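Accompanying notes for the structure given below.
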Amino acid sequence: MHSWLEQQQLLLSKQITQIKLPHAILINGVEGAGKSDLSLWLIQVLSCTKPQNSQGIILPCNVCKACLLHKSHTYPDHLLIESGGKSIGVDQVRQASRFFEKTAQIGHCKTTLITAAHHMTISAANALLKTLEEPNANNYIVLLTSEVETLLPTIISRCYVIDIRPPVGEKLLAELKQSGSDPFVNLSHLKELSDSFVNDQYLHFESCFFTFLQNKTIKRSEILSLLVDNTNSVRWLEKVMVKLMRQQYNWLKGDIILNEQVIWSIYQLVLSAIKQLKLLMQANKQFIFEKLLVDITAVIEEK
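For the sequence shown, our numbering gives the first residue as 1, with consecutive numbering after it.
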């Protein structure tokens, strides 16, 4: 568990002890900030029959039946709703409503976790509102998001919102016990900094995208597959374009592969595509990326 999550653990532990924990909790933060860690800790603590207290933070015992079932992902009083990089549909959310209607089988409460809540369709979001408006005793729903601004204001208003704010710059690198030569390191890099596998994926994406921009061996279909299939692709797309612009102005070392006007034009296309993906709940990700790559190719060929 990241040290910057301790304050939230203390606050939530106090609410649990005082029986004041809100029935709906929305955890917001950048990718890699620890949203999943905090939510899984909370859900397991709520289920544990023999919780421990360590300096004000409640911890699961890890030995009771509930804890063991959680470890094996077979705890019957918990429902996980994931997007898998796609939209969360209304049927998935209605499943949560039906789940809460039944009495807990083992514990004294039931919990539902919705990861990537910003992927809910409009219908799903409206269905969730009904569940939030009519909470049942000892039922808790936790939503995770990295794009809280895209959620319906009515959903946000019905949740207790937790904003996870890790340190930045040198403090972030020190926290992760890493050193880096990039003077612009920030929270958008957190997932790559804390997960070597994700970092390797990003470096592969960056290499392929740069090769594509140079109109070399990478085909549009290959880049399209990387963009559509990876949940981090939208963030990575903006990241590589910002890197190109910084190289253009000699703020970062690297070969300049395109002239300033072309880079700026492509950056505007990327920002427009990202805006569509974030603002349109049911946006066709593949179609938007296909159009983006066609437009980028046209800009490069006109140079």
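Idealized CB from N, CA, C, for every residue including glycine. This one's a predicted model, so the numbers in the text were calculated from it and none came from an experiment.
To which residues does DSSP link L80 through a beta bridge? L113
When DSSP labels each residue in this structure, what does W251 get in the three-state scheme? With a pLDDT of 44 at W251, under the threshold of 50, the modelled position of that residue is not reliable, and no figure is offered here.
Inside the segment 2 to 81 only - alpha helix (DSSP H) runs reaching at least 4 residues: 6 to 17, 35 to 47 and 65 to 71
Pairs of beta-carbons, one from the segment 76 to 90 and one from the segment 51 to 64, closer than 8 Å: are there three or more? no
Residues of its chain near G89, where Cβ-Cβ distance is below 7 Å and the 5 sequence neighbours each way are ignored: T121 and A124
Please work out which residues of its chain come closer than 8 Å, Cβ to Cβ, to L279, disregarding the five sequence neighbours upstream and downstream, and give them in chain order. T150
In whole angstroms, give me the CA-to-CA distance for N53 and C67. 16 Å
Can you tell me whether G56 is buried or exposed, with buried defined as 16 or more other CB within 10 angstroms of its CB? exposed
Three-state secondary structure (DSSP) at D195? coil
How should P153 be labelled, buried or exposed, when 16 other C-beta atoms within 10 angstroms of its C-beta is the threshold for buried? exposed
Taking the C-alpha atoms as reference points, what is the distance between T211 and T145? 32 Å
Can you tell me which of the three DSSP states N139 falls into? strand
Less than 8 Å separating the beta-carbons of I16 and I58? yes
Integer Cβ distance of V234 from I274, believed to fall under 8 Å: 6 Å
So, using beta-carbon positions, are K86 and H108 closer together than 8 Å? no
With 16 other Cβ atoms within 10 Å as the buried cut-off, status of L277: buried
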